[in-house]
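Trainee: Input: one structure, supplied below.
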Amino acid sequence: MKVKFWGVRGSIPSPRAGTVRYGGNTTCIEIRTDNNELIIIDGGTGIFPLSQTLLKELPVTANVFISHSHWDHIHGLPFFIPNFIPGNKMILHGAIDPVSGRGVEQVMDVQLQYSYFPVREAEMKASIEYVSLSPGQTVQAGSATVKATLLNHPVVNFGYRVECNGKSVFFTGDHEPYSNIYSPEDESYEEYRGLIAAQEKMVFDAMQGVDVLIADSSYTIEEYPAKKGWGHGTFDSCMSMADAVGAKILYCTHHEPTRDDDVLEREFAKALARHPRSEGMADFRLAREGIEIEF
Amino acid sequence: MNELSADLNKKLGEAVERMPAFPKSVQKVLELTRDLNCSPKVLVQVIENDPVMTMKILRVLNSAYYSLPSKITSINHSVVFLGLNTVKNIALSIAAIGILPKQNAADFDVNQYLLHSLTTAAIAKHLCGKVGGADPMDCYVAGLLHDFGKVVFAQFMPEQFKISLEKCQEGEMSLFTAEQDAIGTDHTVVGSMLAEKWQFPQPLIDSIRNHHSEKAGETAMGACVYTANQISKKLEFGFAGDARLESLPPAVAKHFGVNINLDTLISSIGEAELSKILEQARQFSQMDGS
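Going down the list, the sequences are from chains A and B.
Under the numbering used here, the residues of the first sequence are numbered 1 to 295, in order.
Under the numbering used here, the residues of the second sequence are numbered 296 to 585, in order.
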């Protein structure tokens, strides 16, 4: 299995001199099975440079999985070049929006409107298929299986576990560790604590023993209190999570858009120092645009 | 018992989707959702105090789409599962439908109905805390929703419901019997059929269905809801169309001990607790939203 990062930036594309090493594109991850089948998780702006590399292997079948519908995870989708070329196929997977009641087709519909984009979906030449997933559902994508797990974000967000030939990768999308909305003196505190524990166990079970865990670590622990409830993790929460689930490698991603590369490395190093490594423990890394790993 | 026809079941289900929630909670939801940092526990409390909002949110969570291993009965659980912002936005979309009108063609007082539902819910939760055998918050939700069928009748079959209410008030028969005569079904059937249609947990469906039947005694939750309903009526906490008291069937009473009746249960809950329950319910059932 191969994993390549095409976008590691959170919230908004952030190209500038200070981000040139880690990259300014928003979330997009390319996964190749051992049979070279194509799985793409999220359609942030990183999907545009990825899609250009696909032109040399047409026709392509792209198994795209959307973690959630916030802009930074979908706003590259209209520029997925193979969609304009006959013979290609995109299978777009994602959640149903419980507020609108609409399926994953909504993420294309909202963007491909006359006022916002010149080409309507009907005018795209590739075959586009929509698959709305339920929490906990597993689907086949080529020789890989992909399982959706509901995580914690201000909109329905799936983490995806991709497995193929005994190898596995889990991407959280955007995820904030659960916390109790009640104070210990409130009557509902214990009830809520139990509900959170059960939910967290379900999430950790889904990540258990994964080879590569890619997780949303937008904030530092110093920044987090002011951002609580925004739906993102910290370097430290991701490191603890990776250890708890026995992941082999953790990639911290969704880098905060104002954070320049030097600061990113410094904050990551500080978190790493708080989670000392020893033999057999997970390897912690920063996700960087353009790097590819094979395992 | 008269079952609902498939056609009526479908029509009522669709109608309830368009049904507005109670004024106080609509106002509070609109107010809370204007604040980016609204208090999660206040939002949960507002939803938990509105039968329409609670019904609709549990409906989303228990739909086949989520295929949950165990059904969700509490708003807190909904928040853990879907996230606060999603629950907030579902609540906002319900609030956007409008507010349940104070006046309806059935002359059914929805303010008094809400007060009765809220006090039944709180008393059911209290009773459950005493006897165990069920989750207290499940009993709260079952109490909150036990008379949901009545507010559906008031909204969507007001003429027939009005006839039922009048017959009942003339002292001829209980409201649910009068509903069966005038409508062909009653509020326990309609409430439980909607709960079943929306795949609520079976104990919740059964508690709504059996709250005028000795079958309520088959479960602790059923017994708590049956009894809480009678206590709320006896103490005249609100009014839901039928003042008639039913004595506790032995199958229900046995959950609470030997030689139990409504009076002994009321004194065991205590005046202070009951006043607190009434006061809290009043705060949420005020029609002026103040």
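No residue lacks a Cβ here, since even glycine has one placed at the ideal position from N, Cα and C.
From what residue to what residue does the beta strand (DSSP E) around C463 of chain B run?
Mentor: It is not in any beta strand (DSSP E) - C463 of chain B instead sits in the alpha helix (DSSP H) that spans P453 to Q464.
Trainee: Starting from the N-terminal side, write out each stretch of the beta strand (DSSP E) that is 3 residues or longer and does not extend beyond the segment 42-66 of chain A.
Mentor: Listed in chain order, the complete beta strand (DSSP E) runs (minimum 3 residues) inside the segment 42-66 of chain A are 61-65.
Trainee: Does at least one heavy atom of the ligand MN sit under 7 angstroms from the Cβ of D174 of chain A?
Mentor: Ligands are entirely absent from the displayed structure, and the ligand MN is therefore not among its contents.
Trainee: Helix or strand or just coil, what does DSSP make of R161 of chain A?
Mentor: Strand.
Trainee: State buried or exposed for S278 of chain A, treating a residue as buried only when at least 16 other CB atoms are found within 10 Å of its CB.
Mentor: With fewer than 16 other Cβ atoms within 10 Å, it is exposed.
Trainee: Taking 8 angstroms as the threshold (beta carbon to beta carbon), is I385 of chain B in contact with chain A?
Mentor: Interface residue, yes.
Trainee: Looking only at C-alpha atoms, which of A:G209, A:A215 and A:P177 sits nearest to A198 of chain A?
Mentor: Here the closest residue by C-alpha is A:P177.
Trainee: Listed from N- to C-terminal order along the chain, which residues in the segment 457-484 of chain B have their beta-carbon within a distance smaller than 7 angstroms of any beta-carbon of chain A?
Mentor: Listed by position, the residues of the segment 457-484 of chain B near chain A (Cβ gap below 7 angstroms) amount to none.
Trainee: Could you say if the segment 475-491 of chain B and the segment 389-396 of chain B meet the contact criterion of at least three C-beta pairs nearer than 8 angstroms?
Mentor: Output reads no: the segment 389-396 of chain B does not touch the segment 475-491 of chain B.
Trainee: Taking F448 of chain B as the reference, which of B:L560, B:N399, B:R539 and B:Q578 has the closest Cα?
Mentor: Checking every option, the nearest Cα to that of F448 of chain B belongs to B:N399.
Trainee: Take the Cβ of A538 of chain B as the centre, count every other Cβ of all protein chains shown within 10 Å, and call the residue buried at 16 or more, exposed below.
Mentor: Flag for A538 of chain B reads exposed.
Trainee: Residues of chain B with a CB under 9 angstroms from the CB of V156 of chain A: which are they?
Mentor: Near V156 of chain A (Cβ distances below 9 angstroms), the residues of chain B are L377, G378 and T381.
Trainee: With H, G and I counted as helix, E and B as strand and the rest as coil, what does DSSP make of E123 of chain A?
Mentor: The answer is helix: DSSP assigns E123 of chain A an H, G or I state.
Trainee: Please confirm if H372 of chain B has its CB atom under 8 angstroms from at least one CB of chain A.
Mentor: At least one chain A Cβ lies under 8 angstroms of H372 of chain B.
Trainee: Go through its chain and collect everything with a Cβ distance to G18 of chain A's Cβ below 7 angstroms, but skip five positions before and after it.
Mentor: Only D260 and D261 meet the Cβ criterion.
Trainee: How would you list, in chain order, the residues of chain A whose beta-carbon sits under 9 angstroms from the beta-carbon of S362 of chain B?
Mentor: Result: S134, P135, G136 and Q137.
Trainee: Quick check on P498 of chain B - is its C-beta less than 8 angstroms from some C-beta in chain A?
Mentor: Not an interface residue.
Trainee: Please check if any C-beta of chain A sits within less than 8 angstroms of the C-beta of S508 of chain B.
Mentor: Not closer than 8 angstroms to any Cβ of chain A, the Cβ of S508 of chain B fails to qualify, so no.
Trainee: Below 8 angstroms on the Cβ atoms is my contact criterion, and I expect I214 of chain A with I29 of chain A to pass it. Report the Cβ-Cβ distance as a whole number of Å.
Mentor: Contact flag correct, Cβ pair sits at about 7 angstroms.
Trainee: Cβ of I128 of chain A less than 8 angstroms from any chain B Cβ?
Mentor: So, not an interface residue.
Trainee: Which residues in the same chain as T514 of chain B place their Cβ atom closer than 8 angstroms to its Cβ, once the five residues preceding and following it in sequence are excluded?
Mentor: The answer, listed in chain order, is G428, A429, P498, D501 and S502.
Trainee: Buried or exposed for L379 of chain B, please, with buried defined as at least 16 other CB atoms from any protein chain shown within 10 angstroms of its CB.
Mentor: L379 of chain B is buried by the Cβ-count criterion.
Trainee: Is it the case that the Cβ atoms of A419 of chain B and Y435 of chain B are separated by a distance below 8 angstroms?
Mentor: Yes. Within cutoff.
Trainee: Using the beta-carbon of each residue, which ones in chain A are nearer than 9 angstroms to P335 of chain B?
Mentor: Within 9 angstroms Cβ-Cβ: I181, Y182 and G229.
Trainee: Might you give, ordered along the chain, the residues of its own chain that have their beta carbon closer than 7 angstroms to the beta carbon of C463 of chain B, omitting 5 neighbours on each side?
Mentor: So the list reads S469, L470, A473, G536 and D537, once near-sequence residues are dropped.
Trainee: Quick check on Y96 of chain A - is its C-beta less than 8 angstroms from some C-beta in chain B?
Mentor: Note on identity: in this sequence residue 96 of chain A is Ile, with Tyr being the wrong assignment. Output row for I96 of chain A: interface = yes.
Trainee: Just reading off the beta strand (DSSP E) that W6 of chain A is part of, what are its end residues?
Mentor: Unbroken beta strand (DSSP E) run through W6 of chain A: K2 to G7.
Trainee: Can you tell which of A:S67, A:P59 and A:L54 has the C-alpha that lies nearest to the C-alpha of G44 of chain A?
Mentor: Closest option to G44 of chain A, Cα to Cα, is A:S67.
Trainee: Between the alpha carbons of D109 of chain A and E121 of chain A, how many angstroms are there, rounded?
Mentor: For D109 of chain A and E121 of chain A, the distance between alpha carbons rounds to 8 angstroms.
Trainee: What would DSSP say about Q140 of chain A, mapped onto helix, strand or coil?
Mentor: Residue state, collapsed to three classes: strand.
Trainee: Going residue by residue through the segment 550-580 of chain B, where are the continuous alpha helix (DSSP H) segments of at least 4 residues, counting only ones entirely within it?
Mentor: Runs of the alpha helix (DSSP H) inside the segment 550-580 of chain B: 557-564 and 566-580.
Trainee: Report the neighbours of S388 of chain B on chain A: residues whose CB is nearer than 8 angstroms to its CB, in chain order.
Mentor: Those are V99, listed as they occur along chain A.
Trainee: Any contact of the segment 549-564 of chain B with the segment 451-460 of chain B, i.e. 3+ C-beta pairs under 8 angstroms?
Mentor: These segments do not touch.
Trainee: Please list, in chain order, all residues of the same chain as V520 of chain B whose beta carbon is under 6 angstroms from its beta carbon, the five residues on each side excluded.
Mentor: Taken in chain order, the residues that qualify are A419, A437, G438, H441, S502 and H506.
Trainee: So, using beta-carbon positions, are N35 of chain A and W6 of chain A closer together than 8 angstroms?
Mentor: No.
Trainee: Any C-beta of chain B within less than 7 angstroms: which residues of the segment 55-82 of chain A qualify?
Mentor: Within the segment 55-82 of chain A, no residue qualifies.
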